[in-house]
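There are 2 protein chains.
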Amino acid sequence: MTLGAGKALLDRAALTLCFQLLCFVGSLHAFKTQLFGRHGGFFHSPEIPVSYETFYLDQKIDHFGFVEDGTFKQRYLVADKQWRSPGGPILFYTGNEGDITWFCNNTGFMWDVAEELGAMLVFAEHRYYGESMPFGADSFSDSKHLNYLTAEQALADFAILIQNVKLSRAGAQHSPVIAIGGSYGGMLAAWFRMKYPNVVIGALASSAPIWQFSGMVPCGDFYKVVTQDFAKSGSNCDTNIRASWGAINNLSATASGLEWLSEEFSLCAPLKTDKDMLDFKSWLQETWVNLAMVDYPYKAEFLQPLPRWPIQVACKYLALDSSVSDEQLLHGVSQAAKVYYNYTGSSACLNTSETATGSLGVLGWDYQACTEMVMPMCTDGVRDMFEPGEWNFQAYSDECHAMFDVRPRADWMGVLFGGKEIASHSNIIFSNGGLDPWSSGGVTHNVSESLVSIMIPDGAHHLDLRYANDLDPPSVREARKLELSYFWKWIRQAAKKHQRVAKSG
Amino acid sequence: MTLGAGKALLDRAALTLCFQLLCFVGSLHAFKTQLFGRHGGFFHSPEIPVSYETFYLDQKIDHFGFVEDGTFKQRYLVADKQWRSPGGPILFYTGNEGDITWFCNNTGFMWDVAEELGAMLVFAEHRYYGESMPFGADSFSDSKHLNYLTAEQALADFAILIQNVKLSRAGAQHSPVIAIGGSYGGMLAAWFRMKYPNVVIGALASSAPIWQFSGMVPCGDFYKVVTQDFAKSGSNCDTNIRASWGAINNLSATASGLEWLSEEFSLCAPLKTDKDMLDFKSWLQETWVNLAMVDYPYKAEFLQPLPRWPIQVACKYLALDSSVSDEQLLHGVSQAAKVYYNYTGSSACLNTSETATGSLGVLGWDYQACTEMVMPMCTDGVRDMFEPGEWNFQAYSDECHAMFDVRPRADWMGVLFGGKEIASHSNIIFSNGGLDPWSSGGVTHNVSESLVSIMIPDGAHHLDLRYANDLDPPSVREARKLELSYFWKWIRQAAKKHQRVAKSG
């Protein structure tokens, strides 16, 4: 493979990897809506039935300009059965790139702690996702209609929504509000506390890569974490994946090799062209990344139905020594990939375009990645197990321009949200999983007494936000305890402040 | 006069009063540009020659959306003769609604302290004012072109400008930046620290009415302060102004009375219609407000050439007892008004449309007042010396709609900038003059250890930002000393932090 081709692959990978945050959603959306229906429902957790009410708030399409004066209906979900009124706290999920019912049903931590805190739960849908479409069916029709899809607009929606909830519900006026989110939702939770500290008393930003932007962390760190996960999950596991790309390239040089590969991987569409090969390798790369994100300690159905510690299961097929043939190596690779795609044995064939579905959610994140959310990624094949590929902003920008007629602004998020200079803010917990590739862009050290980092060495992507599980490692149990103790601390702070104000007023 | 007419008057007054912040600029703009020219120049302060360089930075027209991808040239002025490089601090003037050279030449405090601090001075022009026109000559052509005239866009300009100054000047990379502004510029300075604490280590917000918005302070407080200024500046002074409206109404009932009024006030255009009378009274009301804002302890030429303590001078003409006739009372009023309009004796006649000139600056603030900057005002004729008039948001909104095809959002500034809930921010000095009507919406008590209020009982509108003067009252001398000591404190904090980061990095 030429360097040019390698670069092109990475360019594409870099672009699509930015969307991993939402691949959660893209893939699961269809699945979940079947389970839960649209207006409330019950999650199939063994312990806790989830029930909520669905509401809609009229929001300005454009908070930052006055010419576009239209409104849209923002969906939000409220569960107040455990709420101690008046004044009980509100846990506010800062919805990310997908249908809010999915986040509602998957953020078990909020449900688990609601009773102890006497908390109302509110889950706010992010504009341009789920049902919260600023221009209805036209929202994605062109870049003009997409113009109001930014994190700043979403934060303004949240601020106005909270104001509305507090004013419209008896007993909620003085309720302290805590922002909670995971992944991009975690970034929003942290940014929300930074920009609207008057609205939320603190934030739990779980697996929130707020430093994954240009110039803040080395572009190769993300894939290094993926590689480490495989390295420690089985003998020779990362080494054999690193070797697999050469084997794939060798086989793809001949028609019979292509045929063999297509059959070995049970591909729905046989590999034929160079582009097919790029797509195939990109898909495989994403598979390893996804496995790293959902390397949970118990059977779960987050991106796909998977066994506990799925990387260990996959790596069993890759415990081969270096003397094996290309075909033997790639047989192991295909078996490992099928742990991810076909654990239940129900897939007749594998589709290499599967990790990026065509749902609105995906398109929305594509647009965000092409405007504000520019997260450089690169690989070198040495510190990581992937083919080398540089970060190429120009190619990325050109791709965005072709796709949406916009150009990304690589530096804007750093200016707007402070980059690594966040020490003057307060009351934010940054929790990160040691197994989660996104920890590469996370805040993994205490910035100040009240900007704290919680590391969960055995945790994948925002494990702490999931329901408690008997198989949870001690590190995540401790993390949740600590998070809860910060919540209590912030709530006590707010109560004291409220008393002072009430006395002096 | 009927109540309806009174209300209409106040509605207009409320609208125009919101623009007082910029009447500074509107009136003085033409005057100043003659004095100083456009690219640098020398201020006629007795002590300190002002010299600076003029630069232009390409800024995005829309920081918060990606469809409008155009740029414009933002003007900024730099004076670095006193700057201690590397690392000396930067004092950054957050330009408000007018030509930045005017603020540069009038913010003597910055020039006075530059040497002691070893500071670089940067004065940033606010978009849509002076030369910083996003769409050139078309910037005010319609509401579509005005859409990017908001405080948020201006703050983003400032953040990007500082990033640029720090990266492009040798020795500036680690320079701590302090935001300084007066009036609306002071609001911007405070908001800048709140929203971009990574960019500025602190802010001096002088005479910044950040609480003048809906629901934060009583709408009548502003005029109460004006009234108090007159009450304490001469015998019966406020009482006679309160009585003057009735006298005016009496005289305006007859043609001869109108003629008498027109002659007595040396009006350029004689009073004829009811509308003329409303305009006349509104103009007179604004005159008293303006006098209150510029009630400085020395001869000055801020809004108009004026004697020292101009209200005391005006009140000499109003020290009449209650037995005087309407004509005698109004003769006193006209003499008092002429202290403001004709102190130098050079005005042949007075123009009742004079306090709101037609310059771009005025139109810009009109638009801001019609969108974000909604500052309710009212009078009751009891606690203040004006004709009673309620705050009427609907009428205000309708007027805005007619003028710009936009509707103001009364609550937005409160949500965006936290309203009275600002305690979680840090390092902001709110200085207020006890004589300044805008102190009604200012932060006049310490909010926390690092959100401090400095009261200057003898100060009018941002007196502390003016050049030191031999006639300055002790209170403003003390205020400036205290401000400087906070600057040093913040600079030391930043230096410590920088050392810590450098050591750990």
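For the record, the sequence lines run as chains A and B.
Start counting the first sequence at -7; every next residue gets the next number (our numbering).
Start counting the second sequence at -7; every next residue gets the next number (our numbering).
Here a beta-carbon is modelled for each residue, glycine too, at the ideal position from N, C-alpha and C.
As the structure is a prediction and not an experimental result, all values here were calculated from the model.
Using a CB distance below 9 angstroms, the part of the region 382 to 416 of chain B facing chain A consists of Phe396, Asp397, Val398, Arg399, Pro400, Arg401, Asp403, Trp404, Gly406, Val407, Leu408, Phe409, Gly410, Gly411, Lys412, Glu413, Ile414, Ala415, Ser416, ordered along the chain. For Leu259 of chain A, no alpha helix (DSSP H) encloses it, and the DSSP letter there is neither H nor E. About 6 angstroms separates the beta carbons of Ile233 of chain B and Trp280 of chain B, which is inside the 8 angstroms limit, making them a contact pair. Listed along chain B is no residue with a C-beta nearer than 9 angstroms to that of Ser131 of chain A; the closest approach is about 14 angstroms.
Residues of chain B whose Cβ lies closer than 9 angstroms to the Cβ of Ala146 of chain A do not exist, since the nearest Cβ in that chain is about 12 angstroms away. In the three-state reduction of the DSSP assignment, Gln485 of chain A falls in the helix class, which pools H, G and I.
About 5 angstroms separates the beta carbons of Pro449 of chain B and Ser467 of chain B, which is inside the 8 angstroms limit, making them a contact pair.
In terms of Cβ geometry, Val325 of chain B and Pro302 of chain B do not form a close pair [threshold 8 angstroms].
CA-CA distance, Asn228 of chain B to Leu310 of chain B, rounds to 7 angstroms. The Cβ atoms of Met369 of chain A and Cys211 of chain A lie closer than 8 angstroms to each other. Between Leu153 of chain A and Leu49 of chain A, the C-beta spacing is below 8 angstroms. When C-beta distances to chain B are compared with 9 angstroms, the residues of the region 45 to 66 of chain A below that value are Lys52, Asp54, His55, Phe56, Gly57, Phe58, Val59, Glu60, Asp61, in chain order. Setting aside the 5 residues that flank it on each side, Asp403 of chain A is surrounded in the same chain by Ser206, each with a C-beta closer than 7 angstroms to its C-beta; the list follows chain order. When DSSP states are grouped into helix, strand and coil, Tyr176 of chain B belongs to the helix group.
Residue contact with chain B for Ala164 of chain A: absent (no Cβ-Cβ distance below 8 angstroms to any residue of chain B). Here Gly381 of chain A is bridged, per DSSP, to A:Thr371. Glu123 of chain B: not part of any alpha helix (DSSP H); DSSP gives it neither H nor E.
Pairing Thr246 of chain B with Met125 of chain B, the inter-Cα distance amounts to about 48 angstroms. Around the beta carbon of Gln277 of chain A, 16 or more other beta carbons sit within 10 angstroms, so the residue counts as buried. Taking a contact as a CB-CB distance under 8 angstroms, the pair Thr219 of chain A and Asp376 of chain A counts as one, their CB atoms being some 4 angstroms apart.
Looking at the backbone, the Cα of Phe64 of chain A and that of Ser131 of chain A are separated by about 11 angstroms.
Gly87 of chain A carries a coil assignment under DSSP once its states are collapsed to helix, strand and coil.
Following the DSSP letters along the chain, one finds Gly194 of chain B inside the beta strand (DSSP E) bounded by residues 194 to 198. If you draw a straight line from the Cα of Trp237 of chain B to the Cα of Gly57 of chain A, it is about 40 angstroms long. In the DSSP assignment, Gly425 of chain B is bridged to B:Ile448.
In chain order, Met186, Gly410, Glu413, Ile414, Ala415, Ser416, His417 make up the part of chain A whose C-beta sits under 9 angstroms from the C-beta of Pro189 of chain B. With contacts defined by Cβ atoms closer than 8 angstroms, Leu83 of chain B and Tyr359 of chain B do not form a contacting pair. Around the beta carbon of Gln204 of chain B, a 10 Å sphere encloses 16 or more other beta carbons of the protein chains shown; the residue is thus reported as buried. Contact residues of the region 423 to 439 of chain A toward chain B are absent (C-beta to C-beta distance below 7 angstroms).
Out of B:Thr99, B:Glu60, B:Ala329, the CA that lies nearest to the CA of Cys307 of chain B is found in B:Ala329. Just so you know, the alpha carbons of Ala239 of chain A and Val354 of chain A end up roughly 32 angstroms apart.
Taken through DSSP and simplified to helix, strand or coil, Ile82 of chain B comes out as strand. Taking the C-beta atoms as reference points, Gly90 of chain A is found nearer than 8 angstroms to Tyr121 of chain A. Close CB contacts of Val398 of chain A within its chain, under the 7 angstroms cut and outside five residues either way in sequence, are with Ser135, Cys362, Thr363, Cys392 (chain order).
With a threshold of 16 other beta carbon atoms within 10 Å, Cys96 of chain B meets it and is buried. Comparing C-alpha distances from His453 of chain B to each of B:Lys488, B:Lys52, B:Val316, B:Ala292 shows the shortest one belongs to B:Ala292.
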